[in-house]
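Report on the following structure.
Number of protein chains: 4
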Amino acid sequence: MSTFSHPDFTAPRFAEARDARFVPAPADGVLPQDFFSTTNLPTYVKVGGAWRMPREPRMDATIVLDDRGELWVREMRNVGKGDRVAVGHSEDGSEGIFVYGDAFLGDSAEGEFKFMTSEVSREKPIDYALMARLLIDERERGGYPIWVTGPALVHSRARADMTWFIGNGFVGALLAGNAVAVHDIEASIFGTTLGMTGSGEATSGGHGLHMRAINQVRAAGSIENAVAQGIITDGIMHACVVHGVPYVLSGSIRDDGPLPGVYTDVAEAQDAMRRHAVKATMAILVATALHAIATGNMLPAFVTEEDGSLRELPTICVDSSEFVVSKLKDRGTHQAFGVVTNAQDFMHILRLYVERELDARAAARAATPAAAAR
Amino acid sequence: MSTFSHPDFTAPRFAEARDARFVPAPADGVLPQDFFSTTNLPTYVKVGGAWRMPREPRMDATIVLDDRGELWVREMRNVGKGDRVAVGHSEDGSEGIFVYGDAFLGDSAEGEFKFMTSEVSREKPIDYALMARLLIDERERGGYPIWVTGPALVHSRARADMTWFIGNGFVGALLAGNAVAVHDIEASIFGTTLGMTGSGEATSGGHGLHMRAINQVRAAGSIENAVAQGIITDGIMHACVVHGVPYVLSGSIRDDGPLPGVYTDVAEAQDAMRRHAVKATMAILVATALHAIATGNMLPAFVTEEDGSLRELPTICVDSSEFVVSKLKDRGTHQAFGVVTNAQDFMHILRLYVERELDARAAARAATPAAAAR
Amino acid sequence: MSTFSHPDFTAPRFAEARDARFVPAPADGVLPQDFFSTTNLPTYVKVGGAWRMPREPRMDATIVLDDRGELWVREMRNVGKGDRVAVGHSEDGSEGIFVYGDAFLGDSAEGEFKFMTSEVSREKPIDYALMARLLIDERERGGYPIWVTGPALVHSRARADMTWFIGNGFVGALLAGNAVAVHDIEASIFGTTLGMTGSGEATSGGHGLHMRAINQVRAAGSIENAVAQGIITDGIMHACVVHGVPYVLSGSIRDDGPLPGVYTDVAEAQDAMRRHAVKATMAILVATALHAIATGNMLPAFVTEEDGSLRELPTICVDSSEFVVSKLKDRGTHQAFGVVTNAQDFMHILRLYVERELDARAAARAATPAAAAR
Amino acid sequence: MSTFSHPDFTAPRFAEARDARFVPAPADGVLPQDFFSTTNLPTYVKVGGAWRMPREPRMDATIVLDDRGELWVREMRNVGKGDRVAVGHSEDGSEGIFVYGDAFLGDSAEGEFKFMTSEVSREKPIDYALMARLLIDERERGGYPIWVTGPALVHSRARADMTWFIGNGFVGALLAGNAVAVHDIEASIFGTTLGMTGSGEATSGGHGLHMRAINQVRAAGSIENAVAQGIITDGIMHACVVHGVPYVLSGSIRDDGPLPGVYTDVAEAQDAMRRHAVKATMAILVATALHAIATGNMLPAFVTEEDGSLRELPTICVDSSEFVVSKLKDRGTHQAFGVVTNAQDFMHILRLYVERELDARAAARAATPAAAAR
């Protein structure tokens with residue numbers, strides 16, 4: 012994973028640029044006409060002659076200067092009347108705002124004839140060993156990997172693997188929809204998902220089982236209560252509750268029920284998701300176009316370390332078709348690394364590689380007593 | 012399109028069945044343990060010895076008997092404490108509830124070797140002439156075709172065709188998300204969608220244009236105001252406003268803005284969608300998995316005519332991949348007819364066939380003066 | 012896997028049926044007008060009052076009665092002038108030919124509302140444990156599993172897994188195209204496939220490497236020579252050569268080179284493939300539409316055991332998209348079980364499960380000394 | 012469509028470069044070790060101090076200097092022992108061979124944040140008007156557009172549209188496989204394709220109809236005879252025969268029959284295809300991965316005009332999925348413009364736009380008598 016240094020702001024083009032201009036928002040949730048529209052790339056704003064990075068970066072938002080002189084990236088709907096909003100269309104620093112695209116988007120053109128240059132293809136190899144090392148490194152350094160998953164993960168055997176990742180400390184937060192929790196809980200209570208058995212058979216009367224699962228949890232009052240009362244005894248939601256891993260269940264118009272705890276207001280859901288996105292040091296998006304793109308919109312392309320240095324935010328997007336990954340990139344999440352495969356198989360192999368890497372590290376530690384003693 | 016007669020309820024299995032049993036809901040939004048879970052098929056409930064169909068049928072809901080003796084299909088979340096809810100797991104009438112599956116699901120097995128038997132395939136022909144006749148028939152009989160569309164429709168030239176259908180009386184209601192309206196309004200104001208020109212080029216600085224479009228409408232206070240003030244001058248939303256075609260914009264966690272008028276609460280959005288779904292006499296679902304499946308969940312598989320007779324609800328689902336159509340069917344919307352193609356091309360050819368059929372009918376009328384005089 | 016009993020030919024409809032009629036072919040490769048066109052289902056022909064099954068069954072062919080009274084299924088192009096060809100359109104036995112479809116195609120209709128009833132979907136679980144048991148059972152009983160693979164298998168890490176299966180006795184024959192061998196040999200000589208490294212990078216000058224690999228093998232005269240001379244030192248083709256596993260490389264118009272040993276005549280290639288297809292007791296089709304459908308066309312839906320009994324021919328079709336599997340079924344290979352995933356991941360997990368099952372069987376044998384002694 | 016000027020060969024890097032080196036081929040079909048492997052880009056070879064372009068450019072081949080001093084691009088298999096073959100790995104001119112990539116591959120990197128930058132996506136608009144103008148321009152200037160089609164074109168209504176293009180002079184040559192002709196002829200004789208009716212129903216007994224169609228043509232001896240004898244009365248092959256449009260039917264291992272005239276040897280088929288590819292001034296590849304990539308391999312990325320100037324070879328690739336188009340590009344046909352849609356719809360709209368453009372040009376000519384008189 013790449014790390015990046017900040018631009019040299021002593022260069023004349025930066026030194027001579029004017030300060031960014033701020034204009035008060037004319038009404039709650041309405042921005043000044045020429046507001047600056049953010050990207051997910053490292054962005055620097057000149058205030059009082061100094062170039063500074065706003066906090067909580069994301070795309071499709073704007074930059075607000077608060078009363079304490081702090082810069083924030085804020086969604087339009089969360090800007091209040093009178094808030095000071097950065098204006099300008101230029102991203103080259105000339106209007107006091109600089110978007111540092113080169114570092115991340117790079118320079119790919121070469122005018123050379125090559126095969127296999129597409130960015131996303133099922134024909135590209137998948138480096139599970141690298142992903143396993145990244146995940147373990149995150150756990151070791153206390154990182155905050157967010158997992159964003161669709162219901163395909165639960166329809167298949169991957170439910171057990173996801174549960175394992177939660178139980179073993181690899182999940183900072185789980186962002187999903189009502190359906191993931193519904194299928195997971197149906198599986199815990201009835202052993203089916205949408206009435207389909209673990210071997211893929213549709214069962215007679217099975218079409219109502221997810222509704223019965225929802226009803227039991229609604230009767231219990233919350234997922235936490237349903238776990239406490241022994242209604243939910245295993246699986247993804249159970250693991251989140253017993254291991255204290257935070258989760259956000261965001262509502263959609265496809266939802267049955269919904270389960271207690273689901274955010275039915277999508278603006279509130281976005282705010283809840285973003286509280287995790289701003290902390291993310293890695294993102295794993297599996298088998299969901301809606302939630303993956305929603306999260307991608309909120310994620311910066313980079314992690315800001317405590318010492319102010321930057322590194323790419325590892326973003327893995329898994330889907331059965333090239334289209335979802337390309338769409339994510341087309342919506343601006345250029346840093347996403349696409350894995351075109353079945354979610355069930357992805358989870359199974361990733362877990363296998365993580366287990367192998369853990370064994371290898373344990374063996375290496377055992378072989379070097381000094382290191383082990385540290 | 013098939014029509015169906017009701018079962019013969021004088022048959023012994025129906026005559027001898029007991030009345031359905033109803034149990035009060037234990038709390039708001041919580042059903043009795045053995046509640047009956049509905050399908051989208053014709054369903055009959057025995058009350059006071061008579062078999063009756065509940066109103067507003069849909070799947071994944073339950074059946075409530077109100078104080079006036081009327082039967083309703085209600086979503087779990089809309090059932091109040093004490094409401095009388097039908098209970099039972101059997102769908103064969105023995106517990107007083109009969110789901111008439113045979114009429115619709117038919118008997119497809121034959122044990123005969125054939126090619127090309129898959130239900131959904133890009134290799135199957137598309138009968139645009141039939142779809143055009145259905146649409147015109149609906150307009151002539153005063154039907155209520157609902158259109159459910161995704162943003163792909165707006166990214167491409169299909170925007171003009173959709174606008175044409177709205178302007179010419181072929182749209183009972185439009186159900187879509189924030190993005191459809193955002194792209195459509197960006198196209199009206201800036202001539203781009205997500206900063207992409209009509210010829211498919213990404214423009215410099217274009218990534219902020221959809222945010223600027225949203226901001227202008229938020230400043231105007233509503234889409235209707237923005238039309239009145241000349242901010243939005245053409246396109247899909249403009250056509251809905253000036254022709255008085257109702258629309259529902261349902262929120263999702265991917266939404267930027269959102270635009271004024273978008274339902275951010277998904278339960279409210281579902282209620283708003285369903286007010287149109289219960290009136291639907293035809294459904295056209297184009298290029299959206301989320302909204303298509305959400306609407307499919309709310310639609311019965313049939314239309315109940317004023318005289319009580321039933322006919323299949325024509326449901327057309329258009330997507331670039333077989334997967335979305337198969338998924339819609341896997342979620343129970345078995346009546347969906349799948350068209351595997353590009354949304355832009357679908358809209359263009361459908362309009363062409365509708366125009367031709369209109370010309371042919373006008374010519375036929377002109378040739379029979381008596382008919383024309385009616 | 013299902014087994015099937017033969018029909019009861021003492022039933023009047025069979026006993027009273029007339030003998031099949033045979034008409035001489037009018038010219039080489041031309042059939043009599045009303046020739047019987049075969050399917051891949053169990054088929055019985057009444058000759059001299061007795062119902063018999065023709066040998067080497069496949070679809071899209073015809074039935075020939077040879078001078079020794081033996082019945083054969085023969086492709087049109089392989090029928091000679093004067094050969095006696097069965098005629099008739101009926102498959103119900105009335106004209107002396109009976110196609111036993113019920114046993115295999117079954118009776119699937121039930122008129123019951125269910126979710127998840129589609130035949131092929133990425134949302135269905137994949138039973139690797141079952142596939143692993145089937146493969147090992149085939150090895151134990153001396154079966155003949157044919158593997159049909161596309162080049163995606165070689166682009167990715169699955170090359171090592173395929174090599175493992177060959178080396179460990181799980182491959183009766185390998186059917187593939189020129190490209191599989193070319194990529195595999197490029198990987199052995201240069202470490203790349205189409206110039207792409209194992210980590211997915213396109214290399215400078217890499218576009219010519221597959222041509223250089225081909226040229227080296229052409230210079231050596233054959234793949235076998237290239238192995239003997241140490242040009243090819245590992246991989247799939249190397250394993251076939253050193254383990255004596257037969258392979259067929261069928262040509263296509265996409266081929267570069269081709270490699271020595273590739274059948275450039277497609278009729279000869281089909282004959283070579285069929286020599287393995289008639290022996291197949293299991294078929295695994297991975298990541299190739301062309302070769303999978305070609306092989307599917309040649310395969311009966313069943314295996315005829317030595318005692319004359321029938322069982323379903325396990326046919327597994329792996330592809331990244333539902334479309335290829337559906338197309339295979341639409342071309343008549345109804346028995347295919349579809350696995351919608353990435354070929355690389357499929358191979359890796361399948362091998363893992365086979366290894367586990369082997370360990371489990373070894374452990375079970377060790378625990379039961381009597382059994383081990385047998 | 013872009014045009015390109017040749018490099019300035021007076022520049023020192025070209026003037027000072029050495030002549031290309033040629034080495035005799037060691038055996039028939041075997042190249043010298045360091046042979047130069049071609050691309051589809053404009054390529055210049057320094058011979059006798061002058062930079063010249065070899066004739067009949069294509070990728071994955073080599074450059075041969077014949078006895079008359081002419082340079083040819085030749086496939087490995089068509090090089091004879093002793094032929095003088097260009098050697099070298101450099102493409103920058105330093106070894107006497109220059110590949111002019113910049114002109115075509117351009118410089119795409121900008122380090123700027125944008126949406127919708129993917130090359131191939133169903134969300135991109137399709138400019139049918141431009142394609143229609145290109146096709147008519149080709150007809151007017153006497154160009155040679157080659158059409159490469161898969162069987163999906165025949166399964167659906169597009170058969171009539173393809174027939175129209177052939178009949179109206181828009182097809183220089185048709186390159187396809189056995190299946191296209193088989194389905195087309197089945198449609199002419201029986202009204203079905205693979206037994207499926209025009210409205211998509213599988214017919215009883217229909218699985219044998221394509222075999223019966225093949226048998227009739229084999230009995231007639233050739234497609235031409237079958238047209239002459241009134242067996243084939245309409246459709247694509249009929250149009251080719253009656254309008255004298257050349258066609259190549261290339262064999263594959265999936266072929267039934269095959270029909271008379273199909274090249275069963277794939278090397279001969281490639282040679283036959285290439286005789287048209289070297290004349291191509293435009294390429295339209297519809298619904299076929301195999302034939303599209305095979306043809307893409309043979310096509311230069313450019314057309315050499317009679318005056319020696321170069322222009323991009325318009326290459327349109329139509330498929331239902333992004334994958335095929337991306338794969339074509341990944342195999343080096345970078346100039347392909349992808350249209351992600353259903354083949355049936357593509358053909359129908361393209362024809363409509365061509366008809367409109369023809370009407371518009373006719374009207375324009377009628378309005379300018381002087382021009383009409385020319």
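Protein chains in written order, with our numbering: chain A, 12 to 385; chain B, 12 to 385; chain C, 12 to 385; chain D, 12 to 385. Beta carbons are placed, not taken as given, at the ideal position from N, Cα and C, and that holds for glycine.
### Query
Hey, residue 96 of chain A and residue 110 of chain A: beta-carbon distance below 9 Å or not?
What you label residue 96 of chain A is simply residue 85 of the first sequence in a count that begins at 1. What you label residue 110 of chain A is simply residue 99 of the first sequence in a count that begins at 1. No, Cβ-Cβ distance for residue 96 of chain A and residue 110 of chain A is not below 9 Å.
### Task
Pull out every residue of the segment 130 to 142 of chain B whose Cβ sits closer than 8 Å to any Cβ of chain D, in chain order.
133, 134, 135, 136, 137 and 138
How far does the beta strand (DSSP E) with residue 319 of chain C in it reach, from first residue to last? One-based indexing of the third sequence puts residue 319 of chain C at position 308. Segment: none, residue 319 of chain C is in no beta strand (DSSP E) and carries neither H nor E.
Can you grab the Cα-Cα spacing for the pair residue 273 of chain C / residue 280 of chain C, in whole Å? For the purposes of this step, residue 273 of chain C is taken as residue 262 along the third sequence, with counting starting at 1. For the purposes of this step, residue 280 of chain C is taken as residue 269 along the third sequence, with counting starting at 1. Approximately 8 Å, taken between the alpha carbons.
| message | Please list, in chain order, the chain D residues whose beta carbon lies closer than 8 Å to that of residue 370 of chain B. | response | Position 359 of the second sequence, counting from 1, holds the residue named residue 370 of chain B. What residue 370 of chain B touches in chain D: nothing, since even the nearest Cβ is about 15 Å away.
**Contact list for residue 346 of chain C against chain D, beta-carbon separation under 9 Å** = The residue given as residue 346 of chain C occupies position 335 in the third sequence. Those do not exist, as residue 346 of chain C stays about 15 Å from chain D at its closest Cβ, beyond 9 Å.
inquiry  = Using a Cβ distance threshold of 8 Å, determine whether the segment 217 to 232 of chain A contacts the segment 255 to 262 of chain A, with at least three qualifying pairs required.
reply    = no
What residue range does the beta strand (DSSP E) around residue 95 of chain A cover? For the purposes of this step, residue 95 of chain A is taken as the residue at position 84 of the first sequence. Residues 95 to 98.
Determine the DSSP secondary structure at residue 334 of chain C, reduced to helix, strand or coil.
Numbered from its first residue, the third sequence carries residue 334 of chain C at position 323. Residue 334 of chain C falls in the helix class under three-state DSSP.
Task: For residue 225 of chain C and residue 193 of chain C, believed in contact at Cβ under 8 Å, the rounded distance - done: If you number the third sequence from 1, residue 193 of chain C lands on position 182. If you number the third sequence from 1, residue 225 of chain C lands on position 214. Indeed they touch by this definition, with Cβ atoms about 6 Å apart.
Worksheet entry | Helix, strand or coil at residue 103 of chain A [DSSP, three-state] | As a first step, residue 103 of chain A must be located in the first sequence, where it is residue number 92. Correct three-state label for residue 103 of chain A: strand.
request  = Name, going along the chain, the residues of the segment 90 to 105 of chain C whose beta-carbon falls closer than 7 Å to a beta-carbon of chain B.
outcome  = none
**OP:** Would you mind working out which of C:28, C:171 and C:60 sits nearest residue 105 of chain C, comparing C-alpha positions?
**Re:** Position 94 of the third sequence holds residue 105 of chain C. Of the listed residues, the one whose Cα sits closest to residue 105 of chain C is C:28.
Give me, in chain order, the residues of the same chain whose beta-carbon lies closer than 6 Å to that of residue 344 of chain B; leave out the 5 immediate sequence neighbours on both sides. Start at 1 with the first residue of the second sequence, and residue 344 of chain B comes out as number 333. Cβ within range, chain order: 307.
Out of curiosity, what's the CA-to-CA distance linking residue 316 of chain D and residue 369 of chain D? Looking up residue 316 of chain D in the fourth sequence gives position 305. Looking up residue 369 of chain D in the fourth sequence gives position 358. Distance between the alpha carbons of residue 316 of chain D and residue 369 of chain D is about 25 Å.
Close beta carbons around residue 108 of chain D, own chain, < 8 Å, minus the five adjacent residues each side: If you number the fourth sequence from 1, residue 108 of chain D lands on position 97. Cβ within range, chain order: 31, 47, 54, 55, 56, 57, 74, 97, 99, 101 and 102.
### Task
Assign residue 346 of chain A to one of two classes, buried (16 or more other C-beta atoms within 10 Å of its C-beta) or exposed (fewer than that).
Your numbering for residue 346 of chain A matches position 335 in the first sequence. Answer is buried; the Cβ neighbour count reaches 16.
* When the Cα of residue 79 of chain A is compared with those of A:72, A:94, A:135 and A:69, which residue comes out closest? -> In the first sequence, counting from the first residue as 1, residue 79 of chain A sits at position 68. Of the listed residues, the one whose Cα sits closest to residue 79 of chain A is A:94.
Report task. Starting from residue 276 of chain D, follow its DSSP beta bridges and name the residues at the other end. Result -> Walking along the fourth sequence from the start, residue 276 of chain D turns up at place 265. Per DSSP, C:276.
Interface residues of chain A facing residue 16 of chain D [CB-CB closer than 7 Å]: Within the fourth sequence, numbered from 1, the residue matching residue 16 of chain D stands at position 5. The premise fails here: residue 16 of chain D is roughly 16 Å from chain A at the closest Cβ pair, so nothing lies under 7 Å.
* With 16 other CB atoms within 10 Å as the buried threshold, where does residue 92 of chain C fall? -> One-based indexing of the third sequence puts residue 92 of chain C at position 81. Classification of residue 92 of chain C: exposed, given that the 10 Å Cβ count is below 16.
From residue 167 of chain D to residue 203 of chain D, what does the alpha carbon distance come to, in whole angstroms? Taking the first residue of the fourth sequence as position 1, residue 167 of chain D is located at position 156. Taking the first residue of the fourth sequence as position 1, residue 203 of chain D is located at position 192. Each residue's alpha carbon lies about 10 Å from the other.
Practice prompt. Could you spell out the range, first to last residue, of the alpha helix (DSSP H) harbouring residue 173 of chain A?
Written response: Translated into the one-based positions of the first sequence, residue 173 of chain A becomes position 162. Note, residue 173 of chain A: alpha helix (DSSP H), 169 to 178.
Beta carbon proximity, residue 316 of chain D to chain A, threshold 9 Å | Your numbering for residue 316 of chain D matches position 305 in the fourth sequence. Not one chain A Cβ lies under 9 Å of residue 316 of chain D.
(Q) Strictly under 9 Å for the Cβ-Cβ distance: is residue 352 of chain A near chain C by that measure? (A) Translated into positions along the first sequence, residue 352 of chain A becomes position 341. At least one chain C Cβ lies under 9 Å of residue 352 of chain A.
**Study point:** Endpoints, alpha helix (DSSP H) assigned at residue 361 of chain A
**Key:** Residue 361 of chain A sits at position 350 when you count from the first residue of the first sequence. Taken as a continuous stretch (DSSP letters only), the alpha helix (DSSP H) holding residue 361 of chain A covers 354 to 378.
Count the other C-beta atoms from every protein chain shown that fall within 10 angstroms of the C-beta of residue 197 of chain B, then say buried if there are 16 or more, exposed otherwise. As a first step, residue 197 of chain B is located in the second sequence; it is residue number 186 there, counting from the start. By the neighbour-count rule (16 or more Cβ atoms within 10 Å), residue 197 of chain B is buried.
**Q.** Positions along the segment 289 to 322 of chain B whose CB lies within less than 8 Å of some CB in chain A
**A.** 300, 301, 302, 304, 305 and 308
Could you name the residues of the same chain whose beta carbon sits closer than 7 Å to that of residue 355 of chain A, not counting the 5 residues immediately before and after it, in chain order?
Sequence index remark: in the first sequence, residue 355 of chain A carries index 344 (1-based). Contacts found: 167, 168 and 169.
Buried/exposed call for residue 333 of chain D, threshold 16 Cβ in 10 Å: If you number the fourth sequence from 1, residue 333 of chain D lands on position 322. Buried.
What does residue 46 of chain B touch in chain A if you count any residue whose Cβ is under 9 Å from its own? Taking the second sequence and counting its residues from 1, the one referred to as residue 46 of chain B is at position 35. Result: 219, 222, 223 and 226.
| field | Sufficient close CB pairs (3 or more, under 8 Å) joining the segment 132 to 143 of chain B to the segment 360 to 369 of chain B | value | yes
| query | Considering only residues of the segment 179 to 226 of chain D, which uninterrupted alpha helix (DSSP H) runs meet the minimum length of 4 residues and lie entirely inside it, listed in chain order? | reply | 189 to 201
Residue range of the alpha helix (DSSP H) that residue 237 of chain B falls in?
As a first step, residue 237 of chain B is located in the second sequence; it is residue number 226 there, counting from the start. Unbroken alpha helix (DSSP H) run through residue 237 of chain B: 234 to 239.
Practice prompt. For my contact list, residue 186 of chain C and residue 298 of chain C are in at a C-beta cut-off of 8 Å; report their separation, rounded to the angstrom.
Written response: Counting from one through the third sequence, the residue named residue 186 of chain C turns up at place 175. Counting from one through the third sequence, the residue named residue 298 of chain C turns up at place 287. Incorrect: roughly 13 Å between the Cβ atoms, too far for contact.
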